[in-house]
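To start, the structure under review is shown below, and the notes come after it.
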Amino acid sequence: MNTLSNQGGRCLQPDWVCPVTGFRVAFRPEWIRQQVGETLVANFYVIGGAIIYSCPEGFADITGVRQSLALNEAVAESVSGVNGQYLQIEDYAALEGVSQSARQYATNRLTANQRILALIFCNLSPLLSIAVKIGRRFNLSDKPIYVEGQYGDAAVRALKLCDPSLSGSDAFLFGQQTCIDRSNRSFSPVEVLSNESWNIQTPKFANRSVIVDRRILHSIAEGGIEREHIPMLEKMRPLFQAQLPHGSAIEYVIIDASRLGRGNRQGRIAFLESLKKWNRRFPLRAYILYHANASMHTAALLARPFLPFSVEIVRDLDHAFLMVSQDRQRPPSGQPRFSADVTAEDPNRRKIEQLLTYIGGIKWDREGGEPPMEITEDDPFYVLFQSIKLIKDEIDDLFAERKRLENKLLESQKMEAVGTLAGGIAHDFNNLLMGIQGRTSLLSLRMAPSHPHMEHIVAIEACIQSATHLTRQLLGFARGGKYEVRPVDINELLVASATMFGRTRKEIRIHTNLKRPSPVVAADRSQLEQVFLNLYINAWQAMPGGGDLYLDTGLVALDDAYCNPCQVKPGHYTKISVTDTGVGMDASIRQRIFDPFFTTKKMGRGTGLGLASAYGIIKNHEGIITVYSEVGHGTTFTIYLPLIDGAVWQPAPLARQLVEGAETILLVDDEELILGVGKALLEELGYDVMVARNGERAVEAVRRNGGDVQLVILDLIMPGMDGGRTFDCIRELQPAMPVILSSGYSPGGQTKAIMERGCNGFIQKPFNIYELSEQLRRVLDNRKATR
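According to our numbering, the residues represented by the sequence shown are 751 to 1537, in order.
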């Protein structure tokens, strides 16, 4: 078999195939165009490994027939059938005549050959046809002899007679019986070119191609085509054309779509543009798909109006080749028109094409983008058109929802980034306030109430409280709070905070509609109280002339669709609504309402942290906060907090008095300022104090002096070994060692995690000497009581 070389230097292997059956065809140079005798030329082909095809040319005399039959025996040696048996087709289309002795000799030899299972004659002259039929009647070998019209009939007969054991599926070039063309009178093998460099193999898409009869590209595609695969296909097409002789070009593309997926829209659009580009250089007559599923069938129909060549969908490969064969019999200038097409006389043709154009023109990948189309209710396609519009409207709704969720996610990410910055600022600020508060407490203890400087001390402490409130707003936004989480009665907290607020805002009428029994949530009570007060203040400022404030609670169940964009878990939630009858707000204000430092008040009238803090606190409690408002119609803030079962915790009142002690305290902090003032406060209360500037030194101190240390005050945020790791190491050395956590900022819920691991208490910076003394005695006395 001949081997050619393409322009890229890779091996190009031509195959040959029977146009009627799809059987592979084998031949050698010494089998064809062989002069046997003076007037006879012999030609032999092996079809499908089980059929020998003989087509002699010229006049057959006895010498020529003897030499031809000898060559026939040599060809038979290559047949791969069972025990070398085969079928033989004798095609006499080019036989000009045969002598009587030659005819008798050939008949005897062929019928006596036991390896030949059946003889099939075709293209016989009338005289030879009569002779064969007479000879068949007197055939003594019981060998089946058939007389057919043209080669196509003979090939079909041979295919029926072929035992499956004589030729497996590998005998077919396309893996199955395939009819490429039956229009030729005699056998003419079809050339099929293939090359490994034409194949594409990726994890998502594969494509194997061959060129049939120098005009047809047959491809087996698998997977979904995407934009990234288009350059690979475009690289292959010039390679196809390079294999064809001058003047030849691929006119038909046949695709086995049985394993072809839809891919994505960008890939499909890019593929259509690529086909148009190919067609401009090498015009195609038809693009044919077979074994296409419903999805691919629809996609091909939608592509029809936008491609300058015919696009067809057929049942199988036979049908595809039949359509090509029919089209090739038309004049070259004729436009392709296949049996699958709607005929030009069909009155619905224009409407179908109009509808397909409308569908193809819709921008399915974006909201809107619907081309105009006029259609009346009496139109037979009206219902279909309305159904398509409904589908498009549903898709537009999905795009709108996706856009809303994307905006919500971007907003959440922005708040997270700003919150991290705010938390860092609040942490450093709290440490500074701790130093000022501690020194102020020490000064106040050494002064009599009547001292002239005492009023300045009181004023400094008031400033510290204001600054502390500001940092707590920052911490709330930064989601750095929620230090003491306990079961909280939402109704009681809502009423208590509203009552306190209402005492100073008489112009506001407060209405409540509360769910009974009272919902209970796990929360830091002081943090939620801060949220409610911020919402009340916002409502009061929106009602400068007075108005109504409505407080509602209830229970709801939230599903995945609602919770996932907010990054919370689905389940049962307490719903808290705070509604005012104020001036409301427009969309531009609503979009920024939770932004830190955003305020609509005049300079000096607000910090812009109240609602940002509320947002952060609710998020830190694994909840959701939303706002609804229209200009002139008031505002509603809705909060969702996870519902729990449990008894409500009631805080015990703290007495403002110094409680002294004599135990040894280990103070751990990385700030020299905190260590200095903290040591002074503890010593003022009568305690012996040891200090450690980081977690490693604290662990070492406990290891060496664990028996002498009665309590550890531990900072949370420290370089190297942080508070959490330090706490775990201390408890490994001294499992019963009391630890009080001290911090001004708790990123990522670290405080809660440590408290859940058994930490004895928490005190938030900045704290004064009274808060410190009460917390120390509570933890130390509890330890003594449990021994």
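Ideal Cβ positions, reconstructed from N, Cα and C, are used throughout, including at glycine.
Per DSSP, the bridge partner or partners of residue i
i            : result
residue 1492 : 1465 and 1513
residue 1263 : 1302
residue 795  : 803
residue 809  : 847
residue 841  : 872
residue 774  : 767
residue 727  : For the chain, the structure presents residues 751 to 1537; residue 727 sits outside this window and is missing.
residue 922  : 773
residue 1501 : Per DSSP, none; premise fails for residue 1501.
residue 1270 : 1239
residue 1414 : 1438
residue 1004 : 968 and 1038
residue 1307 : 1322
Start and end residues, beta strand (DSSP E) containing residue i
i            : result
residue 851  : Per DSSP, residue 851 belongs to no beta strand (DSSP E); it is in the alpha helix (DSSP H), 850-862.
residue 1440 : 1438-1442
residue 1236 : 1235-1239
residue 1388 : 1385-1392
residue 944  : 940-944
residue 1200 : Where residue 1200 is concerned, there is no enclosing beta strand (DSSP E), given that its DSSP letter is neither H nor E.
residue 1061 : 1060-1064
Segment limits, alpha helix (DSSP H) that includes residue i
i            : result
residue 1338 : 1337-1342
residue 1460 : Taken as a continuous stretch (DSSP letters only), residue 1460 belongs to no alpha helix (DSSP H), as it is neither H nor E.
residue 1071 : 1067-1078
residue 1321 : From DSSP, residue 1321 is part of no alpha helix (DSSP H) but of the beta strand (DSSP E) over 1321-1330.
residue 981  : 980-992
residue 1482 : 1473-1483
residue 1313 : 1310-1313
For residue i, the nearest candidate out of the options (CA to CA)
i            : options                   : result
residue 1261 : 1248, 1273 and 1255       : 1248
residue 924  : 1255, 940, 1023 and 819   : 940
residue 946  : 989, 928 and 1003         : 989
residue 1420 : 1448, 1436 and 786        : 1448
residue 971  : 987, 1007 and 979         : 1007
residue 828  : 1179, 878 and 776         : 776
residue 954  : 900, 1003, 1014 and 933   : 1014
residue 1195 : 1252, 894, 1433 and 770   : 1433
residue 1016 : 974, 1039, 766 and 1055   : 974
residue 865  : 844, 855 and 800          : 800
residue 1005 : 998, 994, 1019 and 961    : 961
residue 1323 : 1332, 1336, 836 and 1307  : 1307
residue 1193 : 1130, 789, 1519 and 1337  : 1519
residue 1297 : 1465, 1486, 1155 and 1333 : 1333
residue 1056 : 892, 1021, 1494 and 1516  : 1021
residue 807  : 938, 983, 835 and 842     : 842
residue 926  : 1309, 869 and 773         : 773
residue 852  : 904, 1291 and 790         : 790
residue 1283 : 1077, 1435 and 1252       : 1252
DSSP state of residue i mapped onto helix, strand, coil
i            : result
residue 1366 : helix
residue 975  : coil
residue 999  : coil
residue 1297 : strand
residue 1190 : helix
residue 964  : coil
residue 785  : strand
residue 1126 : coil
residue 1141 : helix
residue 1093 : Because residue 1093 carries a pLDDT of 38, less than 50, the predicted location of this residue cannot be relied on, and the following value inherits that uncertainty. Residue 1093 falls in the coil class under three-state DSSP.
residue 1230 : A caution first: residue 1230 carries a pLDDT of 47, below 50, which makes its placement in the model too unreliable to give a value.
residue 928  : coil
residue 1276 : helix
residue 1376 : strand
residue 1355 : In this predicted model, residue 1355 has a pLDDT of only 45, less than 50, meaning its place in the structure is not dependable; the value taken from the coordinates is given anyway. Reduced to three states, the DSSP call for residue 1355 is coil.
residue 1257 : coil
residue 790  : strand
residue 1405 : Summary for residue 1405: the model assigns pLDDT 47, below 50, so the residue's position carries little reliability; its value from the coordinates is reported in the next sentence. Correct three-state label for residue 1405: coil.
residue 1486 : coil
residue 1533 : helix
Any non-hydrogen atom of the ligand MG closer than 6 Å to residue i Cβ
i            : result
residue 1477 : Ligands displayed in this structure: none; no statement on the ligand MG is therefore possible.
task: Quick one: which unbroken alpha helix (DSSP H) runs of 4-plus residues sit fully inside the region 1008-1052? Chain order, please.
output: 1015-1031
message: Which complete alpha helix (DSSP H) runs does the region 866-910 hold, if anything under 4 residues is left out?
response: 876-887
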